[in-house]
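Numbering (mature numbering (1 follows the signal peptide of the UniProt record, and there is no 0)), first residue to last: -22 to -1, 1 to 697.
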């Protein structure tokens, strides 16, 4: 039986297919989002940068940002611009128009690997952590031969893996007619994130810039060419003078001209003068009208996109001042309306908070529906893994450095709160001679999705007691398990719930596909931990198969393994997180992320086998000092993205690929009654793997405004 969300997902897929096959959608749907029309007005020149200015955010909703990474690790690359286009009326598109030289090796003219191209849509600030990235399925170029032909036919068409829905922030630009002539004397603009000064190509802009340019006649263009340059005036043209033109990093971006109330793309940024003496010469563009037939033909030949993003996957960019103002307004509103705080119900059945079950409003996303695929994982649906916690502690040799691990809320007996966290021993003692860490130095963050968001600071819980397994061997990773007693019991809500624990000695069947999650790095070469909780899946492996050629001795009763199928697995910073597998309608924790002998997700991952330590966990719980405080229920607030903050609504759960809980509940977190068993208990649920013990994550100070930023991009413009 299909659920409502399944029909939504299917409808997007069907619509994307209809568009790809060239069929028309009802005109009333297409009329809502005509091509070349922006919801946001384009600002008048002001705030000028190198004869240009910062575009009003989202006023050029067709503009996209391309990154061509130079390695699979995606640490560095070259940037270009591009544009969303459409061939026929629709309300989604999966086509991007850009320059051929952006996706070609400048020396060999070989195609750039398609799996190392990322397209950001709805973009304004290219450093925005909430930007929407989409991968490219395939691309095709015209007969581009670089400098040999004067960079003629500098045009490429990209098919995205995911179709982009038309929203206020993502809309296509109009294509010209095949016989259109040069728009000389018309109101035209160029946009991009390129250099703001020709003599400094590295001075690329984080914010989207635009400039008004005048299109030159063929005669004017000939007089403005560098000596000896080849140029085909039927497929190329010149625009911009007096340093008002595209710069390094703007390649592939659109030149658009206003026709009536719409913008039409007549040009693609191609190249400029290589001689600093002629920095004020015009930029050179590919003329789009002669290629309209080619675009339509290539659209029919390219494979269809796989899916369509949902509209809520497209976010509005918000400045820090806007975010601060929204937060001030929200705070003021809360003060004026104290009834917004959820009141606890007089009676609450303990059965409503089963371990291993997320709240109905936060289903687990078992397969990625959008892009955001990183090292074959994806961003978890927020709060869908309510047992997942972030465990931070200082480096014993450098207190200024924070070491991060994952962990899980667990419960031993039925209850409506827990004060137990399960994690890895190596998170607190990497070597035999490492100084012991004090419980007071450890902090646990509960109900967190974005670890650097403001709401995370309100969800910090201190640790009262710490116990590493007495037979833990830091060198061999034997008995790599630790138990924490929190200083405050965490109440069960929609965003904080425990994971289930297996029975002592219980085995999980080989081949069972389980889930791992964490905030760790996404590749061996990544420089930063992830902001949002990521997750992936991996099958349980046969122990004898994963116990081959190991430099250390491991035992089957202590270790569980997963296969690195499709290079899925954990990485640095994921240590201590749970490996969870579904049994019936609940999730159980069978593993704790422990170690991997090689690079991330390249070999069998090893986990502490939780079912071998149930008796040990129960024993430590009895010896721990009792918790006498409860964490404030009011601080367990739902994480809201900038878009959700603006609209005041919560992002709906996405797609037909989610695990749906069985019973409905309120969308607001519900506080349990205090009529629970006298004993405060703990419970365990599934989460994602953490970093390798021998590769312990040391991201530096935990909170930093620069976390997650990429190094400056190179450009292929002016090559």
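Backbone N, C-alpha and C define an ideal beta-carbon position, used for all residues, glycine too.
Because the structure is a prediction, the values reported are computed rather than measured.
Check	Outcome
What ranges does the beta strand (DSSP E) occupy inside the region 35 to 106, keeping only unbroken runs of at least 3 residues that lie completely in it?	41 to 47, 55 to 63, 70 to 76 and 95 to 99
Distance, Cα to Cα, residue 119 vs residue 44?	16 Å
Looking only at C-alpha atoms, which of 74, 117, 102 and 71 sits nearest to residue 92?	117
Check whether the region 521 to 537 touches the region 549 to 565, counting contact only when three or more Cβ pairs, one atom from each stretch, lie closer than 8 Å.	no
Going by DSSP, what residue range makes up the beta strand (DSSP E) through residue 248?	240 to 249
With a threshold of 16 other CB atoms inside 10 Å of the CB of residue 375, please say whether the residue is buried or exposed.	exposed
Starting from the C-beta of residue 14, find all residues in its chain whose C-beta is less than 7 Å away, skip the five residues before and the five after it, and write them out in chain order.	151, 152, 240, 241 and 242
With DSSP run on the structure shown, which of helix, strand or coil describes residue 333?	coil
What would DSSP say about residue 200, mapped onto helix, strand or coil?	helix
When we look at the beta-carbon of residue 595 and count the other beta-carbons within 10 Å, is it buried (16 or more) or exposed?	buried
For residue 149, count the other beta carbons within 10 Å of its own beta carbon; 16 or more makes it buried, fewer makes it exposed. Which is it?	buried
Using a Cβ-Cβ cutoff of less than 7 Å, which residues in the same chain neighbour residue 406 once the five nearest sequence positions on both sides are dropped?	371, 415, 444, 446 and 460
Going by C-alpha to C-alpha distance, which of 439, 599, 48 and 98 sits closest to residue 139?	98
Measure the alpha-carbon distance for residue 567 versus residue 428 and round it to whole angstroms.	23 Å
Can you tell which of 144, 60 and 396 has the C-alpha that lies nearest to the C-alpha of residue 168?	60
Residue 269 and residue 245 look like a contact to me (Cβ under 8 Å); what is the Cβ gap, rounded to whole Å?	Not really, about 11 Å apart at Cβ, beyond 8 Å.
Counting only runs that start and end within the region 369 to 436, where is the beta strand (DSSP E) found for 3 or more residues in a row?	376 to 388, 395 to 401 and 421 to 423
Comparing alpha-carbon positions, which option in 134, 491 and 511 lies nearest residue 364?	511
Tell me the DSSP bridge mates of residue 603?	BP columns for residue 603 are empty, so no partner.
In angstroms, rounded to a whole number, what distance separates the CA positions of residue 607 and residue 479?	24 Å
Tell me residue 459's beta-bridge partners as DSSP assigns them.	Partner(s): none; residue 459 has no beta bridge.
Look at residue 540 and residue 582 and say whether their C-beta atoms are less than 8 Å apart.	yes
By the 10 Å Cβ neighbour count, where 16 or more other Cβ atoms means buried, how is residue 188 classified, buried or exposed?	buried
For residue 365, which three-state DSSP category applies?	coil
So, with DSSP's three-state summary, where would you put residue 154?	coil
The beta strand (DSSP E) spanning residue 214 covers which residue range?	214 to 217
On the three-state DSSP scale, how would you describe residue 570?	strand
Who are residue 110's beta bridge partners in DSSP?	99
The alpha helix (DSSP H) with residue 523 in it runs from where to where?	521 to 524
Would you say residue 557 and residue 437 are within 8 Å of each other, going by their C-beta atoms?	no
Are residue 293 and residue 619 close, meaning C-beta to C-beta below 8 Å?	yes
Do you know how far the Cα of residue 599 is from the Cα of residue 703?	Look at the range of the chain in this structure, -22 to 697, and you will see that residue 703 is not part of it.
Can you tell me which of the three DSSP states residue 291 falls into?	helix
To the nearest angstrom, how far is the alpha carbon of residue 107 from that of residue 570?	29 Å
What does the alpha-carbon distance come out to for the pair residue 133 and residue 248?	9 Å
With burial defined as no fewer than 16 other Cβ atoms inside 10 Å of the residue's Cβ, what is the status of residue 593: buried or exposed?	exposed
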